[in-house]
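With this note's numbering as the guide, the letters of the sequence shown map in order to residues 3 to 209.
Every residue, glycine too, gets a C-beta built ideally from N, C-alpha and C.
What follows is a short report on a single structure.
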Amino acid sequence: MTLGRDFKKRGAALMHQQCGLWGYDVRREVGGVRQNLLLEIGFERTPPPQGVPGATTYARHEADGSRVTLWGFGMHFGDEAGGIFLSRFAFWPRYSPLNELAQASSPQPLLETHHVPKRAAECLAATQYFCRALSWIGNYEREVNAHCGVHYRAAALQFWSKSEVADLANEWQALARECPGETHFWRFNKHGTASCRLWNKRIFRPY
(Lines of atoms letter the chains of each structure in order from A and count residues from 1; the text may use other names and numbers.)
(Lines give C-alpha, C1' and ligand atoms only; values in the text may rest on other atoms or scores of the structure.)
Protein backbone atom coordinates (compact mmCIF):
# COMPACT_ATOMS: atom_id res chain seq x y z
CA MET A 1 0.00 0.00 0.00
CA THR A 2 1.41 3.38 -1.01
CA LEU A 3 0.33 7.01 -1.26
CA GLY A 4 0.87 9.46 -4.11
CA ARG A 5 3.79 11.79 -3.40
CA ASP A 6 1.94 15.13 -3.66
CA PHE A 7 -1.10 13.77 -1.82
CA LYS A 8 1.08 12.55 1.03
CA LYS A 9 3.01 15.83 1.20
CA ARG A 10 -0.16 17.92 1.42
CA GLY A 11 -1.73 15.57 3.92
CA ALA A 12 1.36 15.52 6.14
CA ALA A 13 1.46 19.32 6.36
CA LEU A 14 -2.26 19.53 7.09
CA MET A 15 -2.16 16.76 9.70
CA HIS A 16 0.71 18.35 11.60
CA GLN A 17 -1.15 21.66 11.57
CA GLN A 18 -4.47 20.06 12.52
CA CYS A 19 -3.05 18.51 15.68
CA GLY A 20 -1.85 21.96 16.67
CA LEU A 21 -5.32 23.36 15.97
CA TRP A 22 -6.92 20.74 18.19
CA GLY A 23 -4.62 21.92 20.95
CA TYR A 24 -5.71 25.49 20.22
CA ASP A 25 -9.34 24.37 20.50
CA VAL A 26 -8.63 22.79 23.89
CA ARG A 27 -7.09 26.07 25.13
CA ARG A 28 -9.84 28.26 23.65
CA GLU A 29 -10.77 31.34 25.65
CA VAL A 30 -14.00 33.32 25.48
CA GLY A 31 -14.03 36.67 27.25
CA GLY A 32 -10.86 35.76 29.10
CA VAL A 33 -12.37 32.52 30.40
CA ARG A 34 -11.07 29.19 29.18
CA GLN A 35 -13.76 27.18 27.41
CA ASN A 36 -12.53 23.90 25.99
CA LEU A 37 -14.14 23.62 22.56
CA LEU A 38 -13.74 19.86 22.31
CA LEU A 39 -15.76 19.39 25.49
CA GLU A 40 -18.40 21.83 24.26
CA ILE A 41 -19.02 19.84 21.08
CA GLY A 42 -19.33 16.46 22.77
CA PHE A 43 -15.87 15.00 23.25
CA GLU A 44 -15.07 13.15 26.46
CA ARG A 45 -11.74 13.84 28.14
CA THR A 46 -9.56 11.15 29.71
CA PRO A 47 -6.33 12.31 31.37
CA PRO A 48 -3.32 9.99 31.50
CA PRO A 49 -3.07 7.73 34.56
CA GLN A 50 -1.96 9.51 37.70
CA GLY A 51 1.80 9.74 37.92
CA VAL A 52 2.28 8.62 34.31
CA PRO A 53 3.44 11.26 31.80
CA GLY A 54 1.37 11.34 28.65
CA ALA A 55 -1.24 13.13 26.59
CA THR A 56 -4.89 13.70 27.43
CA THR A 57 -7.32 11.68 25.32
CA TYR A 58 -10.41 13.22 23.72
CA ALA A 59 -12.96 10.80 22.26
CA ARG A 60 -16.39 11.10 20.67
CA HIS A 61 -18.86 8.62 19.22
CA GLU A 62 -20.44 9.67 15.94
CA ALA A 63 -23.98 9.04 14.71
CA ASP A 64 -22.76 6.58 12.05
CA GLY A 65 -21.19 4.32 14.69
CA SER A 66 -17.62 5.51 14.23
CA ARG A 67 -15.44 6.61 17.12
CA VAL A 68 -12.91 9.42 16.88
CA THR A 69 -10.04 9.78 19.33
CA LEU A 70 -7.75 12.80 19.38
CA TRP A 71 -4.39 13.45 21.00
CA GLY A 72 -1.75 16.09 20.51
CA PHE A 73 0.28 13.44 18.66
CA GLY A 74 -2.38 12.19 16.26
CA MET A 75 -5.83 10.69 15.86
CA HIS A 76 -7.60 7.36 15.70
CA PHE A 77 -10.63 6.73 13.54
CA GLY A 78 -12.54 3.48 13.69
CA ASP A 79 -15.55 1.47 14.73
CA GLU A 80 -16.28 -1.92 16.26
CA ALA A 81 -14.59 -3.65 13.31
CA GLY A 82 -11.23 -1.88 13.70
CA GLY A 83 -9.63 1.39 12.76
CA ILE A 84 -6.52 3.36 11.87
CA PHE A 85 -4.05 5.53 13.73
CA LEU A 86 -2.78 8.67 11.97
CA SER A 87 0.33 10.14 13.54
CA ARG A 88 1.01 13.86 13.61
CA PHE A 89 4.46 13.08 12.27
CA ALA A 90 3.73 10.39 9.65
CA PHE A 91 0.79 10.77 7.28
CA TRP A 92 0.17 7.08 6.81
CA PRO A 93 -2.69 4.88 8.07
CA ARG A 94 -1.58 2.23 10.52
CA TYR A 95 -4.30 -0.40 10.80
CA SER A 96 -5.67 -2.59 13.58
CA PRO A 97 -8.75 -4.83 13.76
CA LEU A 98 -9.16 -3.65 17.37
CA ASN A 99 -10.59 -0.37 18.69
CA GLU A 100 -9.81 -0.39 22.41
CA LEU A 101 -7.88 2.86 22.74
CA ALA A 102 -9.53 4.92 25.48
CA GLN A 103 -6.53 4.72 27.81
CA ALA A 104 -3.77 5.33 25.26
CA SER A 105 -1.75 8.37 26.36
CA SER A 106 1.35 8.07 24.18
CA PRO A 107 2.08 7.03 20.58
CA GLN A 108 4.06 3.90 21.47
CA PRO A 109 1.14 1.59 22.37
CA LEU A 110 -0.61 2.64 19.16
CA LEU A 111 2.47 1.98 17.06
CA GLU A 112 2.72 -1.46 18.66
CA THR A 113 -0.92 -2.43 18.10
CA HIS A 114 -1.34 -0.80 14.67
CA HIS A 115 0.71 -1.83 11.67
CA VAL A 116 1.26 -0.82 8.06
CA PRO A 117 -1.37 -2.84 6.16
CA LYS A 118 0.05 -5.62 4.02
CA ARG A 119 -2.68 -8.12 3.19
CA ALA A 120 -5.39 -7.29 0.69
CA ALA A 121 -8.21 -7.19 3.25
CA GLU A 122 -6.14 -4.96 5.54
CA CYS A 123 -5.31 -2.54 2.73
CA LEU A 124 -8.94 -2.26 1.70
CA ALA A 125 -10.12 -1.73 5.28
CA ALA A 126 -7.35 0.78 6.02
CA THR A 127 -8.16 2.77 2.89
CA GLN A 128 -11.84 2.98 3.79
CA TYR A 129 -11.06 4.18 7.32
CA PHE A 130 -8.43 6.57 5.96
CA CYS A 131 -10.79 8.27 3.51
CA ARG A 132 -13.52 8.49 6.15
CA ALA A 133 -11.08 10.01 8.64
CA LEU A 134 -10.04 12.73 6.20
CA SER A 135 -13.69 13.53 5.51
CA TRP A 136 -14.39 13.61 9.24
CA ILE A 137 -11.69 16.25 9.78
CA GLY A 138 -13.28 18.36 7.06
CA ASN A 139 -16.66 18.04 8.77
CA TYR A 140 -15.03 18.90 12.10
CA GLU A 141 -13.70 22.15 10.64
CA ARG A 142 -17.18 22.99 9.37
CA GLU A 143 -18.54 22.27 12.84
CA VAL A 144 -15.94 24.61 14.35
CA ASN A 145 -16.88 27.38 11.92
CA ALA A 146 -20.57 26.94 12.70
CA HIS A 147 -19.94 26.91 16.45
CA CYS A 148 -17.35 29.68 16.72
CA GLY A 149 -17.48 31.64 13.47
CA VAL A 150 -14.88 31.74 10.72
CA HIS A 151 -12.82 34.42 12.48
CA TYR A 152 -12.01 31.99 15.29
CA ARG A 153 -10.18 29.58 13.00
CA ALA A 154 -8.52 32.47 11.14
CA ALA A 155 -7.06 33.60 14.47
CA ALA A 156 -5.84 30.08 15.16
CA LEU A 157 -4.07 29.93 11.81
CA GLN A 158 -2.07 33.02 12.70
CA PHE A 159 0.00 30.70 14.85
CA TRP A 160 0.98 28.88 11.65
CA SER A 161 2.76 31.60 9.70
CA LYS A 162 3.41 29.31 6.75
CA SER A 163 -0.19 28.22 6.40
CA GLU A 164 -1.70 29.13 3.05
CA VAL A 165 -4.96 27.22 3.47
CA ALA A 166 -7.89 29.63 3.44
CA ASP A 167 -10.59 26.95 3.83
CA LEU A 168 -9.48 23.97 5.89
CA ALA A 169 -12.83 22.21 5.63
CA ASN A 170 -12.74 22.16 1.84
CA GLU A 171 -9.06 21.22 1.77
CA TRP A 172 -9.68 18.17 3.95
CA GLN A 173 -12.74 17.20 1.92
CA ALA A 174 -10.66 17.50 -1.25
CA LEU A 175 -8.11 15.08 0.22
CA ALA A 176 -10.93 12.71 1.15
CA ARG A 177 -12.24 12.74 -2.43
CA GLU A 178 -8.75 12.14 -3.82
CA CYS A 179 -7.95 9.44 -1.27
CA PRO A 180 -9.24 6.38 -3.20
CA GLY A 181 -7.25 7.36 -6.30
CA GLU A 182 -4.10 8.25 -4.37
CA THR A 183 -3.97 5.03 -2.35
CA HIS A 184 -2.23 2.33 -4.34
CA PHE A 185 -1.95 -1.39 -3.62
CA TRP A 186 0.85 -3.78 -4.34
CA ARG A 187 0.00 -6.93 -6.26
CA PHE A 188 -0.92 -9.75 -3.91
CA ASN A 189 0.12 -13.39 -4.13
CA LYS A 190 -2.19 -16.35 -3.57
CA HIS A 191 -1.71 -16.07 0.20
CA GLY A 192 -2.98 -12.48 0.19
CA THR A 193 0.44 -11.03 1.01
CA ALA A 194 2.01 -8.16 -0.92
CA SER A 195 5.05 -8.98 -3.02
CA CYS A 196 7.95 -6.57 -2.46
CA ARG A 197 9.45 -7.68 -5.78
CA LEU A 198 6.86 -5.53 -7.53
CA TRP A 199 8.04 -2.25 -6.01
CA ASN A 200 9.15 0.36 -8.53
CA LYS A 201 9.96 4.06 -8.69
CA ARG A 202 6.29 4.96 -8.08
CA ILE A 203 6.29 3.16 -4.75
CA PHE A 204 6.90 5.38 -1.74
CA ARG A 205 7.82 3.76 1.54
CA PRO A 206 5.66 4.82 4.52
CA TYR A 207 8.67 5.63 6.70
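- With fewer than 16 other Cβ atoms inside 10 Å of its own Cβ, ASP8 counts as exposed.
- Here GLN19 is buried, its C-beta having at least 16 other C-beta atoms within 10 Å.
- Check the Cα spacing between THR4 and each of PHE45, PHE161, GLU42, ARG121: the tightest is with ARG121.
- In this structure, TYR60 places its C-beta atom within 9 Å of the C-beta atom of ARG47.
- Straight across, the Cα-Cα distance linking PHE93 with ALA156 is about 24 Å.
- Excluding the 5 residues flanking it on each side, ALA171 has same chain C-beta neighbours closer than 6 Å at GLY140, GLU143, ARG144, in chain order.
- Of the other Cβ atoms in all chains shown, fewer than 16 fall within 10 Å of the Cβ of VAL54; this residue is therefore exposed.
- When only Cα atoms are considered, ARG29 and GLY22 end up about 11 Å apart.
- Straight-line spacing of the CA atoms in SER107 and TRP73 works out to 8 Å.
- Counting along the chain, the unbroken alpha helix (DSSP H) around ARG134 starts and ends at 122-150.
- Rounded to the nearest whole angstrom, the CA to CA distance from PRO119 to GLU31 is 40 Å.
- The C-alpha of ARG90 is placed about 17 Å away from the C-alpha of ALA128.
- Checking the DSSP bridge columns, you'll see VAL70 partnered with ARG62, PHE79.
- One thing to note: ARG12 has its Cβ no nearer than 9 Å to the Cβ of PHE79.
- Where PHE87 is concerned, the enclosing beta strand (DSSP E) starts and stops at 84-89.
- Within its own chain, the residues whose Cβ lies closer than 7 Å to the Cβ of LEU41, once the five positions on either side in sequence are excluded, are ARG47, listed in chain order.
- In this structure, GLY76 and PRO109 form a Cβ contact; the two beta carbons are roughly 7 Å apart against a cut-off of 8 Å.
- Using a 10 angstroms sphere on the CB of ARG36, the tally of other CB atoms stays under 16, which defines it as exposed.
- A distance below 6 Å between beta-carbons, with the five flanking residues on each side excluded, links TRP24 to the following residues of its chain, in chain order: LEU72.
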